[in-house]
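Residue numbers (UniProt numbering): 1 to 275.
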């Protein structure tokens, strides 16, 4: 098995559906036969909760534990911290203790690469590692971008979240230049879209006009639905909670787009290596 492709699900704006995208893309990839690990790097632990683990204080090993071990140059107990979800994906959870890492990282040696060391220890044995990031562009998010091969940007189909993309793209560019030259933007996925409204159509058109020439804008759009919000409370994916729904079909189609794009990239890499 090849080393996993690592994708950060990133947007400094909160409420754009990062955790839902991580859960449903991850389980969508698992449904396509891929072995997937998800990493929760948000102290709020939305990904952890969305996958059904609520009593995080009872967990012996979390993302905060692993980052502390790495900073202190101690043995990293990565495999012992992995939780297994019934729908076929794995998780390294987060809890509030992770919030203290922002300050700790400021004085840490090689502070941008702490998460990368953890990810490198996990890559063998998985096809994909998905990193759910926090709603900020702080040190933990920079760590996620340093550890990732690429970024998927979820954007809510409203004016203000779309406007915030400019700052995120600047930050990604800075990380590319100074920390992780191989980092690529995988694409932009529109989420929580009310396809009946003119605003959603206008925002979608604006994003495609402003960014479409430089970035991949996924063809599929994730529609807004109460069922999608309910999945977090149940610790299930949309495929289990509302099988056959518009949201489930949209996530399935989005997953296939990600896979097709990954195969194109692999082909291009092989072609470039043969020249």
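Each residue gets a CB set at the ideal place from its N, CA and C atoms; glycine is no exception.
- The alpha-carbon separation between residue 200 and residue 20 amounts to approximately 19 angstroms.
- Proximity to residue 17 across 25, 154, 142 and 94 peaks at 154, based on C-alpha coordinates.
- If only uninterrupted beta strand (DSSP E) runs of at least 3 residues are considered, those enclosed by the segment 133-167 are 150-156.
- Taking C-beta atoms under 8 angstroms as the contact rule, residue 96 and residue 8 fail to qualify, at a distance of about 21 angstroms.
- Assigned with DSSP and collapsed to three states, residue 238 falls in helix.
- For residue 5, the enclosing beta strand (DSSP E) covers residues 5-9.
- Contact between residue 250 and residue 221 is confirmed by a C-beta separation of about 7 angstroms, below the 8 angstroms threshold.
- Under the 10 Å beta carbon count, residue 236 is surrounded by 16 or more other beta carbons and is classified as buried.
- In this structure, residue 41 and residue 131 form a Cβ contact; the two beta carbons are roughly 6 angstroms apart against a cut-off of 8 angstroms.
- With 16 or more other Cβ atoms from the protein chains shown falling within 10 Å of its own Cβ, residue 156 counts as buried.
- When DSSP states are grouped into helix, strand and coil, residue 46 belongs to the helix group.
- Counted as a single uninterrupted DSSP element, the alpha helix (DSSP H) harbouring residue 27 occupies residues 18-31.
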